[in-house]
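Chains as they are written, first to last, in this note's numbering: chain A, 444 to 654; chain B, 444 to 654.
Here it is, written out as structure tokens:
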């Protein structure tokens, strides 16, 4: 795919790093007309949960439909988890980027690796917790769970964290506002990159260089 | 040079784009202990002007000293203008970057090209005026100058602008606060890049991944 006016960002993190809250705050604060941002809506074969809307939270499709899309190579990345498929369709993302809209993908390291291989311009961001103690606190704090359940969550988080060095950027979410401002700076800086600005500022430079 | 904890930024702009004010504001606002920033002090053979301090505004050296430094390949870049030499010495910059301090170079496109060739990790930023009319206004506004003098300044500015596409980032200085915030986002985002964070966060990830 040629350079698009929009930027594609992947944000990955272990459970407990605060990724969803950061993405939500970014979209709430900074989704203005000049620089629109969208979070990509994934496809899934799992059943909608109460309150989930088709096309908003997920594109809900049957197993047969999903497998047909796999055969058509319609996905940038897909994975199977607990008998359900999850995938990121190429078409919507490409079109959104071509309209100058930045797209956020909220996926795990395997998906990040697959998308980056297909779209090397993708900017990948890893959100890390500030310490092991704080991570355990955040993973324990949600409910009154058994030590065993918490240990399983910790093991899963540590496994995700072990891929931190595969990402282009690393943000430590210690103070939420600082982490949000860092995430914003990454998004803003990519809009200022030459490849994007040459598209946006074509008229300005023609005017400046006109005799 | 291997990856250093500090980042090197080059900022170039035509006269009238507001580059010096932007760099000054960046240093005034954001030069804290966690993320120190310095502007590199150039060498020159021209005589100090009233109020200029050796080692602060420039390193003032004789023509013979400068030519000896050229022979020693002590400069990342140097140029001659109006019988005077100007140059950016390698040693100070390399040491400053190794101490984790970000360094700003305020040089023109020729120098930017030379430094980038020697240090491909350098991040180059071009500051553009928002329109030809505004540029002429800013270049006229300084004093009561003749049309001829202003036209010369305009020609020189347009010549510098014609190299805008050689830079990694382009900022349009229309609203000063917006341009400053954009410059800050570029600096911040480079501090979050993996290569830098792997140095800074080594201990954090050892702790997170420790069994």
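Heads up, the beta-carbon is just placed ideally off N, CA and C, and yes, glycines get one too.
Since the structure is predicted, the reported quantities are computational estimates derived from the model, not experimental observations.
The beta strand (DSSP E) enclosing residue i, as first and last residue numbers
i	result
residue 566 of chain B	566-571
residue 640 of chain B	Looking at the DSSP string, residue 640 of chain B is not in any beta strand (DSSP E); the run it does join, the alpha helix (DSSP H), is 637-643.
residue 452 of chain B	451-455
residue 481 of chain A	480-482
residue 496 of chain B	It is not in any beta strand (DSSP E) - residue 496 of chain B carries neither H nor E in the DSSP assignment.
residue 612 of chain B	612-615
Pair within 8 Å by beta-carbon distance, residue i and residue j
i	j	result
residue 463 of chain B	residue 530 of chain B	no
residue 552 of chain B	residue 603 of chain B	yes
residue 613 of chain A	residue 635 of chain B	yes
residue 621 of chain B	residue 540 of chain B	no
residue 470 of chain A	residue 482 of chain A	yes
residue 545 of chain A	residue 450 of chain A	yes
residue 488 of chain A	residue 505 of chain A	yes
residue 605 of chain A	residue 593 of chain A	no
residue 535 of chain B	residue 633 of chain B	no
residue 575 of chain B	residue 644 of chain A	no
residue 519 of chain A	residue 558 of chain A	yes
residue 631 of chain A	residue 591 of chain B	no
residue 610 of chain A	residue 568 of chain A	yes
residue 493 of chain A	residue 503 of chain A	no
residue 501 of chain A	residue 495 of chain A	yes
residue 659 of chain A	residue 597 of chain A	What the structure shows of chain A is the stretch from 444 to 654, and residue 659 of chain A is not part of that stretch, so it cannot be assessed.
Among the options, nearest to residue i - alpha-carbon criterion
i	options	result
residue 577 of chain A	A/446, A/448, A/460, A/447	A/460
residue 623 of chain B	B/519, B/455, B/472, B/501	B/472
residue 554 of chain A	A/573, A/572, A/532, A/620	A/532
residue 646 of chain A	B/536, B/571, B/501	B/571
residue 467 of chain A	A/561, A/549, A/528	A/549
residue 608 of chain B	A/611, A/506, A/642	A/642
residue 600 of chain A	B/543, B/542, B/654, B/538	B/654
residue 445 of chain B	B/649, B/558, B/638	B/638
residue 537 of chain A	A/523, A/556, A/564, A/527	A/564
residue 561 of chain B	B/649, B/512, B/517	B/517
residue 543 of chain B	B/627, B/480, B/649, B/503	B/480
residue 455 of chain B	B/511, B/528, B/495, B/547	B/547
residue 649 of chain A	B/511, B/497, B/573	B/573
Run of the alpha helix (DSSP H) containing residue i, from where it starts to where it stops
i	result
residue 584 of chain A	575-584
residue 553 of chain A	552-561
residue 527 of chain A	First-last for residue 527 of chain A: 527-532, but that is the beta strand (DSSP E), not the alpha helix (DSSP H).
residue 549 of chain B	Looking at the DSSP string, residue 549 of chain B is not in any alpha helix (DSSP H); the run it does join, the beta strand (DSSP E), is 545-549.
residue 632 of chain B	619-634
residue 592 of chain A	590-604
residue 520 of chain A	Here residue 520 of chain A belongs to no alpha helix (DSSP H); instead the beta strand (DSSP E) covers 518-524.
residue 463 of chain B	462-473
residue 513 of chain B	506-514
Buried/exposed call for residue i, threshold 16 Cβ in 10 Å
i	result
residue 514 of chain A	exposed
residue 525 of chain B	exposed
residue 499 of chain B	exposed
residue 457 of chain B	buried
residue 627 of chain B	buried
residue 640 of chain A	buried
Residues in the segment 583-616 of chain B having any Cβ partner in chain A nearer than 8 Å:
601, 604, 605, 607, 608, 610, 611, 612, 613, 614, 615
Pull out every residue of the segment 631-643 of chain B whose Cβ sits closer than 7 Å to any Cβ of chain A, in chain order.
631, 632, 635, 636, 637, 640, 641
Proximal residues, the segment 502-535 of chain A versus chain B, C-beta separation under 7 Å
none
When you check each C-beta in the segment 536-567 of chain A against every C-beta of chain B, which residues fall closer than 8 Å?
none
Chain-ordered residues of the segment 444-475 of chain A with a beta carbon less than 8 Å from chain B
none
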